[in-house]
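Reading through the structure tokens given below for one structure.
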Amino acid sequence: MDKGKPLSVLRVMDVHKAYAPNTPVELEVLHGINLVLEHGEFTALIGPSGSGKSTLLNLIGLLDTPTRGEIIIDGRQTGKLNDQDLTRLRGRSIGFVFQYSCLLPEFTAAENVRMPLLANRGWPDVEMNRTAETLLGQVGLEPWKDHMASDLSGGQQQRVAIARALAMQPALILADEPTGNLDTRAADGVFDLLRSVNRTLGTTFLIVTHDPRLAVRCDRIVELVDGRIVSDRPNQPAPHASSEIAATGAAA
Amino acid sequence: MNRFAPFEWIAAIRFMREGLIQTSLIIIGVALGVAVIVFMSALLASLQTNLFRRTLSFQAQIVVNPPEEVARPQREPGEGAIAALVQPRSQRLKSVDQWQKVRSQIERLPDVTDVTPVVSGPGFAIRGDANKAVTITGVEPETYLRVIALTDKIVAGKVGVGTSEIVIGTELAKDLGAALDDKLRLATASGAAETLTVTGIFDFGNKGINERNVYISLRTAQNLLDLVGGVSSIELNVRDPFQAETVAQTIQALTALEADSWIRTNAQFFSALSAQTLSNNFIRFFVGLTAALGIASVLVVSVVQKSREIGILRAMGTTQGQVLRLFLVQGAVVGLVGSLFGSVLGFLFLNLWRDIAKNPDGTPLFVVTVDPMLFVATAAGATLVGTLAAMVPARRAAKLNPVVAIRG
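What follows is the structure, encoded as structure tokens:
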């Protein structure tokens, strides 16, 4: 039903990924993945360990290239792009939130948020500073903007990482177990933040998670088993979830 | 555009500040290397200038002589009779043929600065019972003093070489017991003799020269040595002393006379200078290489340590080129900062050396001068070496697979 729309945020078309291709030890881990994400979708990617979730996420994030198939981001085919163009497209269109804190420890919270802007534009400017402060305000960390990244708690670091992922106003944010390393309360707070970003900014999310508690709070659940999508179903977010967040979220 | 934009600088400086111990150690290493290079180069340059000045103080850079006389057998070989034994001819003192013309020919050469005619030959200095063999040098003072800095070497009196005046060395003065304004007789083997007044006493810092050389007027020497109207050699200096041999060959081709440069007449001294320069270059090369390897190894370690952050930077849109330059900047900064500290250190060493290396009487052993260009050249060189040394680690960082790097 969505196939008529030209500009889906993401179209993954018959993507295969093999390690050590064309060798005797070739190992194919993804066997023809098809996946389309529309603007504003909030999708969970679930599946057992080794099912290929992270591999798929890396392919979508243009950090790795598929053995076969095509990945189209914001209407741009990526198969023929060179490393420079892939990097530029990645910087503009995709934000990353990883499981373990992926901040640059040498920099402050605000500098971390600014870094994608600086890397993509080359030169610093005042507007970047304002953007970073605004984003840090949105994730509730404005007072911590001048703290070194390494001095923040796990939950705070993930919030900074989310602010950083938003810096370039990407259409798509990829989150690999964004709460995997946090305690339940902090995890709920971070998840709540992702949801609110999705609602207010309309950013599309693809979230890899092991946690069924979080998966049921997404709009759509894609399940990957042994390198194949075995189920792709819309989901009615559990109604009790938001009250739970209201109770615990502020603590994160 | 944005080839070395501040992003690379900001990240590079921050990475280096984070690994402060590593950074400091390698900067100290580079600084010590640079200090050694600065110290050695300045010392050697001064030493060479000094040796050079001392050696060349009493001889011109090029001396033009008449060609040697050769014995010619009356029959050409192959015409039947063969001269089994050809005795070399003895070389009598003779004049440079048409020396005024030769002189103006040489003066017109572009590299030649000063030219002077000289009459030189053996003689005896006699005073009372003392009788010493000397080398008579008859000079034309206006031009001769521009070629040989005799004036600087005078310890008593002045360079007065009028018709009946003579300038002698300290040793000869001592041997003859002659002081200023004393008279002595100068005689030659042919029997000619003149009585001359001592007007100056020189000290070239060389006993043989101080004992043997005497300076008189060109005309008096011509009379004494039976070379009236002639000169035994034409002496000259050139702009770049190290080009003297080339100029000498030009003169030889031009005039068919024998032109000997100081390089040929002091072959051993010259090759000693060359050997010194060569060994200095060797040392500089290896010190530079050591510093480069140090920078490279520190950065290789840094790339490993920072691989996760490099992966994160790549994920947020940092290109391979940016990562490459990020590490090149680190190499350049280490080289530059190291060379600045090293130059200061080298300068301190040189001052220390000035205080230590002294003659017993407290005068400096030799004057150490430092060319400011040495510091500029060293800083530029060290920055270049640092950048080159960073090439290998920087390429490694740029080629890191972000997926692997982020997973750590």
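Top line first, the protein sequences correspond to chains A and B. All the letters of the first sequence, read from the start, carry residue numbers 5 to 256 under the numbering used here. All the letters of the second sequence, read from the start, carry residue numbers -2 to 405 under the numbering used here. Idealized CB from N, CA, C, for every residue including glycine. Owing to the predicted nature of the structure, the values given are computational and were not obtained by experimental measurement.
Nearest chain A C-beta to B:N(-1) closer than 8 angstroms, yes or no? Here residue -1 of chain B corresponds to residue number 2 of the second sequence, with the count starting at 1. Residue placement at B:N(-1) cannot be trusted, given a pLDDT of 44 that sits under 50; the coordinates are not used to answer.
Among A:T91, A:S157, A:G54, whose alpha-carbon lies nearest the alpha-carbon of A:I64? Residue 64 of chain A sits at position 60 when you count from the first residue of the first sequence. Among A:T91, A:S157, A:G54, the Cα nearest to that of A:I64 belongs to A:T91.
Alpha carbon to alpha carbon, how far is B:D172 from B:I198? In the second sequence, residue 172 of chain B corresponds to position 175, counting from 1. In the second sequence, residue 198 of chain B corresponds to position 201, counting from 1. If I take the Cα positions, the gap works out to 13 angstroms.
What are the residues in the stretch 84 to 117 of chain A lying within 9 angstroms of chain B by C-beta distance? D87, Q88, T91, R92, L93, R94, G95, R96, I98, G99, F100, F102, Y104, C106, L107, L108, P109, E110, F111, E115
Using the three-state DSSP reduction, which class does B:F363 fall into: helix, strand or coil? Residue numbering aside, residue 363 of chain B sits at position 366 when the second sequence is read from its first letter. Coil.
Find the residues of chain B that neighbour A:P120, judging by a C-beta separation of less than 7 angstroms, and give them in chain order. Counting from one through the first sequence, the residue named residue 120 of chain A turns up at place 116. Result: M313, G314.
Simplified DSSP assignment, three categories, for A:M152: Residue mapping note: residue 152 of chain A aligns to position 148 of the first sequence, counting from 1. DSSP places A:M152 in strand when its eight states are reduced to three.
Put B:F201 into one of helix, strand or coil per three-state DSSP. What you label residue 201 of chain B is simply residue 204 of the second sequence in a count that begins at 1. If DSSP states are grouped into helix, strand and coil, B:F201 belongs with coil.
Identify each residue in the stretch 210 to 244 of chain A for which the Cβ-Cβ distance to at least one residue of chain B is less than 8 angstroms, and report them in chain order. none
What residues in the stretch 126 to 139 of chain A bring their beta carbon closer than 9 angstroms to a beta carbon of chain B? G126, W127, P128
Could you tell me which chain B residues have their CB closer than 7 angstroms to the CB of A:L31, listed as they occur along the chain? The residue you call residue 31 of chain A lines up with position 27 of the first sequence. Within 7 angstroms Cβ-Cβ: nothing; A:L31 doesn't reach chain B, min ~16 angstroms.
What number of angstroms, rounded off, separates the C-alpha of B:A354 from the C-alpha of B:G343? Looking up residue 354 of chain B in the second sequence gives position 357. Looking up residue 343 of chain B in the second sequence gives position 346. Between B:A354 and B:G343, the C-alpha separation is close to 16 angstroms.
Cβ neighbours of A:L122 in the same chain (closer than 8 angstroms, five flanking residues each side left out): In the first sequence, residue 122 of chain A corresponds to position 118, counting from 1. Counting only Cβ-Cβ distances below 8 angstroms, and skipping sequence neighbours, we find P128, M132.
For the pair the stretch 189 to 197 of chain A and the stretch 78 to 85 of chain A, tell me if three or more CB-CB distances fall below 8 angstroms. no
If the cut is a Cβ gap below 8 angstroms, which residues of chain B does A:L14 touch? Here residue 14 of chain A corresponds to residue number 10 of the first sequence, with the count starting at 1. None at all; the shortest Cβ gap to chain B is about 16 angstroms.
Which bits of chain D does A:A123 rub up against, with CB to CB less than 7 angstroms? Among the protein chains in the structure shown, which are A and B, there is no chain D.
Distance check for B:A146 and B:S54, CA to CA, integer angstroms please. Reading the second sequence from its first residue, position 57 is the one you call residue 54 of chain B. Reading the second sequence from its first residue, position 149 is the one you call residue 146 of chain B. Taking the straight line joining both Cα atoms gives about 6 angstroms.
Does the beta carbon of B:R51 sit closer than 8 angstroms to a beta carbon anywhere in chain A? The sequence position of residue 51 of chain B within the second sequence is 54, counting from 1. Chain A, which has no Cβ nearer than 8 angstroms to the Cβ of B:R51, makes this no.
So, does the stretch 281 to 288 of chain B touch the stretch 374 to 384 of chain B, judging by three or more C-beta pairs under 8 angstroms? yes
8 angstroms contact criterion, which B:V152 and B:T167 should meet: CB distance rounded: By one-based count along the second sequence, residue 152 of chain B stands at place 155. By one-based count along the second sequence, residue 167 of chain B stands at place 170. Confirmed, Cβ separation roughly 6 angstroms.
Which residues share a DSSP beta bridge with A:T112? The sequence position of residue 112 of chain A within the first sequence is 108, counting from 1. According to DSSP, A:T112 bridges with A:M152.
Counting only the same chain and skipping the five closest in sequence on each side, list residues whose C-beta sits under 8 angstroms from that of A:T112. As a first step, residue 112 of chain A is located in the first sequence; it is residue number 108 there, counting from the start. These residues qualify, in order along the chain: K149, D150, H151, M152, A153.
Alpha-carbon spacing of B:K98 relative to B:Y212, whole angstroms: As a position in the second sequence, residue 98 of chain B is number 101, starting the count at 1. As a position in the second sequence, residue 212 of chain B is number 215, starting the count at 1. Using only the alpha carbons, I get a separation of about 24 angstroms.
Could you check how far apart the C-beta atoms of B:K417 and B:L183 are, in whole angstroms? I think they sit under 8 angstroms. Here chain B comprises residues numbered -2 to 405, so residue 417 of chain B is not present and cannot be evaluated.
Should B:R100 be labelled buried (16 or more other beta-carbon atoms within 10 Å of its own) or exposed? The count along the second sequence starts at 1 and reaches residue 100 of chain B at position 103. Classification for B:R100: buried.
I'd like the list of long-range same chain contacts for B:P85, defined as Cβ closer than 7 angstroms, with 5 residues on each side in sequence excluded. Numbered from its first residue, the second sequence carries residue 85 of chain B at position 88. Counting only Cβ-Cβ distances below 7 angstroms, and skipping sequence neighbours, we find A68.
Would you call the CB atoms of A:A165 and A:L107 closer than 8 angstroms? Counting from 1 along the first sequence, the entry for residue 165 of chain A is found at position 161. Counting from 1 along the first sequence, the entry for residue 107 of chain A is found at position 103. Contact: yes.
Would you verify that the beta carbon of A:L205 is, or is not, closer than 8 angstroms to some beta carbon of chain B? What you label residue 205 of chain A is simply residue 201 of the first sequence in a count that begins at 1. Chain B contact via Cβ: absent.
Counting only Cβ pairs nearer than 7 angstroms, list the residues of chain B close to A:N62. Numbered from 1 along the first sequence, position 58 holds the residue referred to as residue 62 of chain A. Those within 7 angstroms of A:N62 in chain B are V400.
For the alpha helix (DSSP H) that B:D111 lies in, which residues bound it at each end? Position 114 of the second sequence holds residue 111 of chain B. Note, B:D111: premise wrong, no alpha helix (DSSP H); beta strand (DSSP E) at 109 to 124.
Classify B:A8 as helix, strand or coil using the three-state DSSP reduction. As a working note, residue 8 of chain B is residue 11 in the second sequence. B:A8 falls in the helix class under three-state DSSP.
Contiguous beta strand (DSSP E) assignments of at least 3 residues, all confined to the stretch 206 to 232 of chain B: 210 to 214
Counting contacts by CB-CB distance shorter than 8 angstroms, is A:D196 in contact with chain B? The residue labelled residue 196 of chain A in the question sits at position 192 within the first sequence. No, A:D196 does not count as interfacial toward chain B.
Quick check: is the beta carbon of A:M5 nearer than 8 angstroms to any beta carbon in chain B? As a first step, residue 5 of chain A must be located in the first sequence, where it is residue number 1. Low per-residue confidence applies at A:M5: pLDDT is 45, beneath 50, and the placement is therefore not dependable, though the value from the model is reported in the following sentence. No, its Cβ sits nowhere closer than 8 angstroms to a Cβ of chain B.
Quick check for students: name the residue ranges of the beta strand (DSSP E) that lie wholly in the stretch 191 to 224 of chain A, counting only runs of 3 or more. 208 to 212
With 16 other CB atoms within 10 Å as the buried threshold, where does B:M13 fall? Taking the first residue of the second sequence as position 1, residue 13 of chain B is located at position 16. Answer is buried; the Cβ neighbour count reaches 16.
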